[in-house]
Structures are given as C-alpha cells and as structure tokens.
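Engineer: Starting off with a structure, shown below.
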C-alpha cells in the first residue's frame, strides 16, 4: 500500500471513486452475508458456496466491492478493476487511491460495521503480517492456493502475496547527466537535493523496502535494517535527500528527478513520461537487490464478503496475474504459469532483467525491522 501510491495517470477513468459512501444500517452486513443460506463472511473457499459459480452468483447479488489504496497505474490496477467490473457486473467503489498501507489498516478498524469499510486490502507485507496478528482478516484460500509457493502465504489464507518487484532507482536522464546505478552513487555531490523516496517507510510498503535495500547495500541484513536508516541520514546530511514524496506530477515538474521505488512503477513511468518529453531510466541497484511482494487480505468484517472473495479469485486467476504482469509487476504465480504455459510470455519478456534468485526476510525479521524504523526513522531524517 503506501502513502504515495500515486502513479502515472492514464487509466484513472476506469476507477469509480466514491469517498463518501453511505454507512450501512445495523445488521445489514450479517443479512447480506447469509444470502441463499451461505454465510459468505465465514467462507474459507469457493467450496463453501457450493462451488465457484455459486460464489459468482452470491457476489453479483451483493453488487458492489469497496477498495482502498489502489492507484490505477500501480501494478496495472486501473485495467484490473475495469476488467473485473466488465466480467462480473460488480461495481467497484475505489476510495483514496493514494492512501498508505497504514491508512488501510486504520480504515478497517475505524469503519467496522459501515458499508464504506474496505472489503479487501492490498498491503505491504509487514502490514499484512501485523494486521493478521491483530485479527483483522478473514482466512480464505483461492482455487490456485496450492500453486502459491510456501512462504508467500499465511497457511490459512489470512494474507497471500500477489505481486512484487525489486527496489530500483528511477532517473530523468534529460535532467541528470549520469543516472545512479547503486545506493553508493546516491551520495555523490551531483545529486544534491535530488534523491526522493516513495513515501514514509513507517507507513508505506515501497519506502520500507527502500530502506531495507539500502541496509543490504550498506552491510546490513534482514536482521539489521539500521544501516539503511543510517544511509538516509547520511543522504540527508549530505543535502542529497529530497523529502518530496514521488508522484507522477512531481516527476513531470522536475521536483523528483531521482526516485527510489519499485521497478514495476519506475518501468511503467518510462513510456508514459516519454510522451511528456522525459527520458525516465530504471536501474536495479547492484549493491542492494531487494525483492518484496505485496499481499492481499480480506477484511473479516467486509460489508460485501462474497464480492471480496470473488475479487481474490480473480486476482489469482491466470487472467488477473497476467494483468499484473502487464503493469511490469512480477505475479506470485509466475513460476507455475510459466510451467503450465498460461503466462503471457511477451509481457514476461518485458520485465527488467535481474540476476539471481530473490530471498525474503522472515516474519520475525520484518517485525523487528518495522519496530526499528518506528523508533529511528524520524530522528534520522528530521534530527
């Protein structure tokens, strides 16, 4: 998720934004959840509805899905939302697309029992883990659950990774003579005031990953994120850190000429910014390769529980996974889809090339890193 999920516009019209949806009347959710004798809110798989077709029928009766923090050009969500609406005739109400993961969690807590509560969440993994620990999510296993690699899902389906990417460095090559290719490069004096981060790492998954990548580049590890915090302190002390949070508008205006962000976001910028006269280059830093996936979760008090589960089924279908791929994101089912031939190979071949296989921190390591950031980030950047 992400304060700072704003991305290059172009498919915004595909999203129906309703930031003032009406609150549900008491008991509306429970009656809605039990339509046809099926308690959708308790369903842990399509089989609990009697099969996938019955899940579709129950979701269509609900007629709506409320999402939050899904920018239309982040991982191709604009097209994903459009295709889902066309396929099932379910209206998606998309609120506050630029919200952060922390905002999503807050919305689940503060809107409990309201129709405008988010049905589903797309979260940075650290927030998915903490949200599950707080008991905020409903367990659900999509039909392709067994194909999702171990370590990329909570065993009961409280959260499941869906797509991801590598931290990268985006750069406007028309304004920057030599684009940086490593975290070490970012400390060079020619980048004074130019290095931006996509959000606050205590709130935004992309920024959290940026600090983790900097830690790996600086001799840290999954057990030690502090070198990443110290890197950004050095960047600030050198005058190179730019506190402006990256958005397509800030890039176009030249306010964020260098941006640490996911490779799928930076890669998606390139063709769209070219139309605006920018030459946006993307490099995955050689000294800090960090791959992370975002996770899906269902609000356990979702006002549209059947539609929430159908949305998950769509995202983890070959169609949904290929739509992520179209947005330069690496879908979690890419290995199995490559093996069974359902992947769109043309799209897969467009992904930024990276050598080696990614490794992932454990839940305990993520929790520890998140706690360290919570106590040390503001002091490092504002001190």
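In mature numbering (1 follows the signal peptide of the UniProt record, and there is no 0), the protein residues as written are -23 to -1, 1 to 360. The C-beta atom is built at its ideal place from N, Cα and C for all residues, glycine as well. Computed from a predicted structure; not experimentally measured.
Have a look at residue 173 and residue 141 and give me their C-alpha separation to the nearest angstrom.
Structural biologist: Indexing the chain shown from 1 puts residue 173 at position 196. Indexing the chain shown from 1 puts residue 141 at position 164. So the alpha carbons of these two residues sit roughly 21 Å apart.
Engineer: Span of the alpha helix (DSSP H) holding residue 271?
Structural biologist: Against the chain shown, residue 271 aligns to sequence position 294. Run containing residue 271: none in the alpha helix (DSSP H); it sits in the beta strand (DSSP E), 268 to 276.
Engineer: Please determine, among 163, 256, 53 and 93, the residue with the shortest C-alpha to C-alpha distance to residue 71.
Structural biologist: For this step, residue 71 is matched to residue 94 along the chain shown. The shortest Cα separation from residue 71 among 163, 256, 53 and 93 belongs to 93.
Engineer: For a minimum of 3 consecutive residues, which ranges assigned as the beta strand (DSSP E) are wholly contained in the region 134 to 159?
Structural biologist: 137 to 149
Engineer: Alpha carbons only, please: which of 51, 350 and 285 is nearest the one belonging to residue 97?
Structural biologist: Numbered from its first residue, the chain shown carries residue 97 at position 120. Taking only the C-alpha atoms, the option nearest residue 97 is 285.
Engineer: Per DSSP, what are the beta-bridge partners of residue 361 in this structure?
Structural biologist: For residue 361 there is no data in the structure shown, the boundaries of the chain being -23 and 360.
Engineer: Can you pull the DSSP bridge partners for residue 257?
Structural biologist: The residue you call residue 257 lines up with position 280 of the chain shown. Per DSSP, 149.
Engineer: Taking the straight line between their C-alpha atoms, what separation do you get for residue 211 and residue 333?
Structural biologist: On the chain shown, position 234 is the one that residue 211 refers to. On the chain shown, position 356 is the one that residue 333 refers to. Cα to Cα, the separation comes out at about 29 Å.
Engineer: Which residues in the same chain have their Cβ closer than 7 Å to the Cβ of residue 355, if we skip the five residues on either side of it in sequence?
Structural biologist: Sequence index remark: in the chain shown, residue 355 carries index 378 (1-based). Here the set comprises nothing.
Engineer: Compute the Euclidean distance between the alpha carbons of residue 403 and residue 222, then round it to the nearest angstrom.
Structural biologist: Outside the displayed range of the chain (-23 to 360) lies residue 403, so it cannot be described from this structure.
Engineer: Check whether the Cβ atoms of residue 56 and residue 303 lie closer than 8 Å to each other.
Structural biologist: Counting from one through the chain shown, the residue named residue 56 turns up at place 79. Counting from one through the chain shown, the residue named residue 303 turns up at place 326. In this structure, residue 303 lies closer than 8 Å to residue 56 by Cβ.
Engineer: With a threshold of 8 Å, are at least 3 pairs of Cβ atoms found where one atom belongs to the region 20 to 40 and the other to the region 114 to 133?
Structural biologist: They touch, by the three-pair rule.
Engineer: Pick helix, strand or coil for residue 113, following the three-state DSSP scheme.
Structural biologist: Start at 1 with the first residue of the chain shown, and residue 113 comes out as number 136. Note: residue 113 maps to coil in three-state DSSP.
Engineer: Pull up the distance between the alpha-carbon of residue 112 and that of residue 323, whole angstroms please.
Structural biologist: As a position in the chain shown, residue 112 is number 135, starting the count at 1. As a position in the chain shown, residue 323 is number 346, starting the count at 1. Each residue's Cα considered, the two are about 40 Å apart.
Engineer: Per DSSP, which residues does residue 101 bridge with? Please list them.
Structural biologist: Counted from its first residue, the chain shown places residue 101 at position 124. According to DSSP, which records beta bridges pairwise, residue 101 is partnered with 271.
Engineer: By Cβ distance, which residues of its chain are closer than 6 Å to residue 344, with the 5 residues on each side in sequence left out?
Structural biologist: Locating residue 344 in the chain shown gives position 367, counting from the first residue. Nothing meets the Cβ criterion.
Engineer: Do you know offhand how far residue 65's Cα is from residue 250's?
Structural biologist: Taking the first residue of the chain shown as position 1, residue 65 is located at position 88. Taking the first residue of the chain shown as position 1, residue 250 is located at position 273. So the two alpha carbons sit approximately 33 Å from each other.
Engineer: Could you spell out the range, first to last residue, of the beta strand (DSSP E) harbouring residue 51?
Structural biologist: Within the chain shown, numbered from 1, the residue matching residue 51 stands at position 74. Looking at the DSSP string, residue 51 is not in any beta strand (DSSP E), and its letter there is neither H nor E.
Engineer: Roughly how many angstroms lie between the CA atoms of residue 82 and residue 28, to the nearest whole one?
Structural biologist: Locating residue 82 in the chain shown gives position 105, counting from the first residue. Locating residue 28 in the chain shown gives position 51, counting from the first residue. Those two C-alpha atoms are separated by around 30 Å.
Engineer: Give me the DSSP bridge partner(s) of residue 307.
Structural biologist: Mapped onto the chain shown, residue 307 falls at position 330. Looking at the DSSP output, residue 307 shares a beta bridge with 141.
Engineer: Look at the Cβ atom of residue 143, then the Cβ atom of residue 246, and state whether they are nearer than 8 Å.
Structural biologist: The sequence position of residue 143 within the chain shown is 166, counting from 1. The sequence position of residue 246 within the chain shown is 269, counting from 1. Result no, Cβ atoms of residue 143 and residue 246 do not sit closer than 8 Å.
Engineer: Considering just the uninterrupted stretch of the beta strand (DSSP E) at residue 72, what are its terminal residues?
Structural biologist: Sequence index remark: in the chain shown, residue 72 carries index 95 (1-based). That run of the beta strand (DSSP E) goes 68 to 72.
Engineer: So residue 238 and residue 183 are supposed to be a Cβ contact under 8 Å. How far apart are they, rounded?
Structural biologist: Position 261 of the chain shown, counted from the start, is the residue given in the question as residue 238. Position 206 of the chain shown, counted from the start, is the residue given in the question as residue 183. Their Cβ separation, rounded to whole angstroms, is 6 Å, which keeps residue 238 and residue 183 in contact under 8 Å.
Engineer: Considering residue 236, what are the terminal residues of the beta strand (DSSP E) in which it resides?
Structural biologist: If you number the chain shown from 1, residue 236 lands on position 259. First-last of the beta strand (DSSP E) with residue 236: 235 to 239.
Engineer: Take the Cβ of residue 290 as the centre, count every other Cβ of all protein chains shown within 10 Å, and call the residue buried at 16 or more, exposed below.
Structural biologist: In the chain shown, residue 290 corresponds to position 313, counting from 1. Label assigned to residue 290: buried.
Engineer: To the nearest angstrom, how far is it from the Cα of residue 156 to the Cα of residue 129?
Structural biologist: One-based indexing of the chain shown puts residue 156 at position 179. One-based indexing of the chain shown puts residue 129 at position 152. Between the alpha carbons of residue 156 and residue 129 lies a gap of roughly 33 Å.
Engineer: Ignore the nearest five residues each way along the sequence and tell me which others in residue 136's own chain have a CB closer than 6 Å to its CB.
Structural biologist: Translated into positions along the chain shown, residue 136 becomes position 159. Correct list, in chain order: 105, 109, 272 and 274.
Engineer: Who are the Cβ neighbours of residue 52 in its own chain at under 7 Å, not counting the five residues just before and after it?
Structural biologist: Along the chain shown, one-based indexing puts residue 52 at 75. Contacts found: 140, 241, 301, 304 and 306.
Engineer: Give the straight-line distance between the Cα atoms of residue 31 and residue 38, rounded to the nearest whole angstrom.
Structural biologist: Residue 31 sits at position 54 when you count from the first residue of the chain shown. Residue 38 sits at position 61 when you count from the first residue of the chain shown. Each residue's Cα considered, the two are about 11 Å apart.
Engineer: With DSSP run on the structure shown, which of helix, strand or coil describes residue 320?
Structural biologist: Indexing the chain shown from 1 puts residue 320 at position 343. Reduced to three states, the DSSP call for residue 320 is coil.
Engineer: Could you give the distance in angstroms between the alpha-carbon of residue 203 and the alpha-carbon of residue 194?
Structural biologist: Taking the first residue of the chain shown as 1, we reach residue 203 at position 226. Taking the first residue of the chain shown as 1, we reach residue 194 at position 217. So the alpha carbons of these two residues sit roughly 12 Å apart.
Engineer: Hey, out of 34, 269, 330 and 67, whose CA is closest to residue 181's CA?
Structural biologist: Counted from its first residue, the chain shown places residue 181 at position 204. Nearest of 34, 269, 330 and 67 to residue 181, Cα basis: 269.
Engineer: On a CA-only basis, which of 154, 206, 161 and 220 is nearest residue 170? Give me that one, please.
Structural biologist: As a working mapping, residue 170 is identified with position 193 in the chain shown. Answer by Cα proximity: 220.
Engineer: Answer yes if the region 158 to 167 comes into contact with the region 309 to 322, meaning at least three C-beta pairs across the two stretches below 8 Å, and no otherwise.
Structural biologist: Per the Cβ contact rule, the region 309 to 322 is not in contact with the region 158 to 167 (fewer than 3 Cβ pairs under 8 Å).
Engineer: Considering Cα atoms alone, identify which of 260, 185, 36 and 14 is closest to residue 78.
Structural biologist: Position 101 of the chain shown, counted from the first residue, corresponds to residue 78. Shortest Cα-Cα distance from residue 78 to any of 260, 185, 36 and 14 involves 185.
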